[in-house]
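Protein chains in written order, with my numbering: chain Z, 449 to 522; chain A, 22 to 416.
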Amino acid sequence: MKAVILFHSTNHAIWAENELKESKILCKMISVPRHLSSDCGYCVQIDADDGEKASSILNAKNIEFDNIENYEGE
Amino acid sequence: MLKDKIKSGVIYLDNAATSFPKPECVIDAVVNYMTQIGANPGRSGHKLSIEAGQIVFKVRESIAALFKIKNPMNVIFTSNATEALNIAIKGIMQEGDHVITTSMEHNSTIRPLHELEKEALISLAIVQADRNGIIDPKKIKEAITVRTKSVVVNHASNVLGCIQPIREIGKICKENGVIFIVDCAQSAGVVPIDINRDNIGILAFAGHKGLYGPTGTGGMVIADDFDHKKIKPLKYGGTGSLSDKIEQPDFLPDRFESGTLNVAGLSGLLAGSQYIQKKPGGIKGIYLHKNELQKYFIKQAEMQIPGFTCYSSSNLPSVGVIAFRLNNISVSDVAQILSDKYEIMCRQGLHCSPLAHQTIGTFPEGTLRFGFGIFNTKEEIDTAVHALKSISEGN
Numbered sequence: 449m450k451a452v453i454l455f456h457s458t459n460h461a462i463w464a465e466n467e468l469k470e471s472k473i474l475c476k477m478i479s480v481p482r483h484l485s486s487d488c489g490y491c492v493q494i495d496a497d498d499g500e501k502a503s504s505i506l507n508a509k510n511i512e513f514d515n516i517e518n519y520e521g522e
Numbered sequence: 022m023l024k025d026k027i028k029s030g031v032i033y034l035d036n037a038a039t040s041f042p043k044p045e046c047v048i049d050a051v052v053n054y055m056t057q058i059g060a061n062p063g064r065s066g067h068k069l070s071i072e073a074g075q076i077v078f079k080v081r082e083s084i085a086a087l088f089k090i091k092n093p094m095n096v097i098f099t100s101n102a103t104e105a106l107n108i109a110i111k112g113i114m115q116e117g118d119h120v121i122t123t124s125m126e127h128n129s130t131i132r133p134l135h136e137l138e139k140e141a142l143i144s145l146a147i148v149q150a151d152r153n154g155i156i157d158p159k160k161i162k163e164a165i166t167v168r169t170k171s172v173v174v175n176h177a178s179n180v181l182g183c184i185q186p187i188r189e190i191g192k193i194c195k196e197n198g199v200i201f202i203v204d205c206a207q208s209a210g211v212v213p214i215d216i217n218r219d220n221i222g223i224l225a226f227a228g229h230k231g232l233y234g235p236t237g238t239g240g241m242v243i244a245d246d247f248d249h250k251k252i253k254p255l256k257y258g259g260t261g262s263l264s265d266k267i268e269q270p271d272f273l274p275d276r277f278e279s280g281t282l283n284v285a286g287l288s289g290l291l292a293g294s295q296y297i298q299k300k301p302g303g304i305k306g307i308y309l310h311k312n313e314l315q316k317y318f319i320k321q322a323e324m325q326i327p328g329f330t331c332y333s334s335s336n337l338p339s340v341g342v343i344a345f346r347l348n349n350i351s352v353s354d355v356a357q358i359l360s361d362k363y364e365i366m367c368r369q370g371l372h373c374s375p376l377a378h379q380t381i382g383t384f385p386e387g388t389l390r391f392g393f394g395i396f397n398t399k400e401e402i403d404t405a406v407h408a409l410k411s412i413s414e415g416n
């Protein structure tokens with residue numbers, strides 16, 4: 449099962465991806481799914497099981513994010 | 022090699038306006054973006070857009086490290102230091118505010134402040150520097166009133182090269198609850214700056230001078246503990262975020278970064294910023310190099326050139342910028358001969374700083390200005406001294 453972390457800003461999405469990769473969390477930047485957000489840019493896709501861990505890493509680094517939603521993708 | 026990038030024989034001493042030549046890595050980074058990436062950062066979800074976004078994020082990190090701030094999102098990119106100063110000044114001041122600035126400011130600071138004063142929105146106090154261009158922090162303290170909102174200071178003079186005691190001024194600002202805005206156009210990349218220890222609220226930097234990026238780059242850095250919502254944006258528009266709303270986002274950096282960024286320029290700025298920070302000796306080494314060249318030039322010129330008058334002190338710390346004149350010869354004539362006959366590039370006139378020239382008694386004629394860069398050598402200075410000597414002797 450996959451999930452996506454949504455951000456207010458693509459600047460934060462990139463920062464988050466870098467930090468998550470550094471913490472060895474498998475992640476990938478993907479286009480923001482239209483039904484989940486109005487933003488033009490990208491979000492970070494992770495394994496849904498890593499959601500809690502990713503959330504705590506981002507909070508520890510003060511990287512603001514909107515929410516984490518389950519999303520399998522295409 | 023680097024020198025091949027510069028026309029053979031040219032001696033470039035106008036680094037205070039724009040540094041040149043740029044390190045090879047800066048040119049390569051711009052070419053790489055323009056030929057291999059090219060996309061808009063933060064707007065689309067494709068790979069190239071993400072790569073462009075990565076570049077922008079890396080510059081933020083590099084600039085954050087340079088000024089010792091924790092949150093890279095507090096680095097806002099603008100087209101130059103002037104735009105950053107306009108955002109800070111026009112975005113913070115409100116009707117009835119009192120602002121303190123100095124007699125050493127560049128027009129990038131004094132013009133927006135003067136405009137607000139003309140509109141009767143603010144009152145302005147200009148603290149006078151001494152003949153060496155140095156501001157006494159006690160004078161700033163004495164000028165503070167109950168209405169003082171902000172103190173705006175040029176860290177290093179673009180005319181004299183002298184460096185203001187910003188840590189002390191910043192401490193006074195902090196103790197009095199006043200926002201300290203610092204123009205680091207000349208000092209960024211030359212003088213180590215720690216935004217927290219120097220008690221700075223907001224600083225403005227140029228990307229194309231001491232950071233060795235391309236023209237059209239610069240930015241505003243907001244201290245980690247500063248409430249950025251106190252600053253009203255100058256520009257409103259597309260940010261790629263909250264696209265369903267017509268309100269401007271209030272978070273950083275989007276609040277101040279409407280419209281597509283200059284990613285080609287920022288690619289070069291990233292390379293330039295990394296280059297100077299990784300250089301052996303780092304920023305401190307660059308500072309020492311420029312001070313050595315400054316002292317060497319003044320010493321040689323005073324020994325060899327008849328009628329040489331120097332306005333920059335060789336006893337004060339400097340960013341490698343020197344104002345001088347040759348007695349009885351117009352500064353524009355000297356600069357023209359240096360360019361045409363000797364291939365030496367420098368700047369003459371008032372350097373967009375009428376108040377600074379009034380302070381040192383060189384208004385309205387102005388001075389000649391040499392601005393040394395990281396690639397300048399003592400041999401180049403010898404050539405320049407020889408040329409000035411010939412001009413002064415009428416040869």
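Backbone N, C-alpha and C fix where the C-beta goes; we use that ideal spot for every residue, glycine too.
These numbers come from a predicted model, not from an experiment.
Check, Outcome
"Minimum Cβ-Cβ distance from MET477 (chain Z) to chain A less than 9 Å", "yes"
"Exposure of GLU278 (chain A), with buried meaning 16 or more beta-carbon neighbours within 10 Å", "buried"
"ALA177 (chain A) beta carbon less than 9 Å from that of SER339 (chain A)", "yes"
"PRO274 (chain A): contacting residues in chain Z (beta-carbon distance under 7 Å)", "ASN459"
"Contact check, SER150 (chain A) vs THR380 (chain A), beta carbons under 9 Å", "Residue 150 (chain A) is actually Ala in this sequence, not Ser. Closer than 9 Å, so yes."
"Contact list for the region 479-494 of chain Z against chain A, Cβ threshold 9 Å", "SER479, VAL480, SER485, SER486, ASP487, CYS488, GLY489, TYR490, CYS491"
"Interface flag, ARG78 (chain A) vs chain Z, CB-CB below 9 Å", "As written in the sequence, residue 78 (chain A) is Phe, which differs from the Arg given in the question. Interface residue, yes."
"Identity of the residues DSSP links to ILE223 (chain A) by a beta bridge", "A:ILE202, A:ILE243"
"Close beta carbons around ALA146 (chain A), own chain, < 6 Å, minus the five adjacent residues each side", "ILE121, ALA164"
"Buried versus exposed, by CB contacts within 10 Å (16 or more), ASP354 (chain A)", "exposed"
"Reference LYS43 (chain A), options A:ILE402, A:PRO235, A:CYS331, closest by Cα", "A:PRO235"
"Same chain only: Cβ atoms within 6 Å of LYS253 (chain A), ignoring 5 sequence neighbours per side", "GLY112"
"Simplified DSSP state of TYR363 (chain A), which is helix, strand or coil", "helix"
"Residue-level contact to chain A via CB, ILE505 (chain Z), 9 Å cutoff", "no"
"ASN510 (chain Z) at chain A interface by Cβ criterion, 9 Å", "yes"
"Those residues which DSSP pairs with GLU517 (chain Z) across a bridge", "Z:VAL452"
"Simplified DSSP state of ARG346 (chain A), which is helix, strand or coil", "strand"
"Element boundaries [alpha helix (DSSP H), containing ALA405 (chain A)]", "399-413"
"Enclosing beta strand (DSSP E) for HIS119 (chain A) [first to last residue]", "118-123"
"Per DSSP, the bridge partner or partners of VAL148 (chain A)", "A:THR123"
"Where ILE462 (chain Z) meets chain A, residues with beta-carbon distance less than 7 Å", "GLY74, GLN75, PHE78"
"Residues bridged to CYS46 (chain A) [DSSP beta-bridge criterion]", "DSSP, once it has assigned bridges, lists no residue as partnering CYS46 (chain A)."
"Which of helix, strand or coil DSSP assigns to PHE41 (chain A)", "coil"
"Min CB distance ASN312 (chain A) to chain Z below 9 Å", "no"
"For SER471 (chain Z) and GLU395 (chain Z), the rounded distance between their alpha carbons", "This structure does not reach residue 395 (chain Z), given that chain Z is present from 449 up to 522, and the question cannot be answered."
"Secondary structure of ILE97 (chain A), DSSP reduced to three states", "strand"
"N-terminal and C-terminal residue of the beta strand (DSSP E) that GLY392 (chain A) is part of", "388-392"
"Close Cβ partners of LEU371 (chain A) (< 8 Å) along its chain, the five nearest in sequence each way excluded", "HIS378, PHE384, PRO385, GLY387"
"Inter-residue CB distance, SER40 (chain A) and GLY394 (chain A) (contact presumed, cutoff 8 Å)", "5 Å"
"CA nearest to the CA of SER335 (chain A), picked from A:GLU104, A:LYS320, A:VAL173, A:PRO375", "A:LYS320"
"Where PHE272 (chain A) sits in the DSSP three-state scheme", "coil"
"Limits of the alpha helix (DSSP H) - the one that ILE381 (chain A) falls within", "375-381"
"MET55 (chain A) in three-state terms, based on DSSP", "helix"
"Three-state class that DSSP yields for MET22 (chain A) in the structure shown", "Model confidence at MET22 (chain A) stands at a pLDDT of 46, short of 50, so the residue's coordinates are unreliable; what they give is reported in the following sentence. Three-state DSSP puts MET22 (chain A) in coil, outside helix and strand."
"Contact residues within the region 259-290 of chain A, judged by C-beta distance below 9 Å to chain Z", "GLY259, THR260, GLY261, SER262, LEU263, SER264, ASP265, LYS266, PRO270, PHE272, LEU273, PRO274, ASP275, GLU278"
"Alpha-carbon to alpha-carbon, THR330 (chain A) and HIS135 (chain A)", "32 Å"
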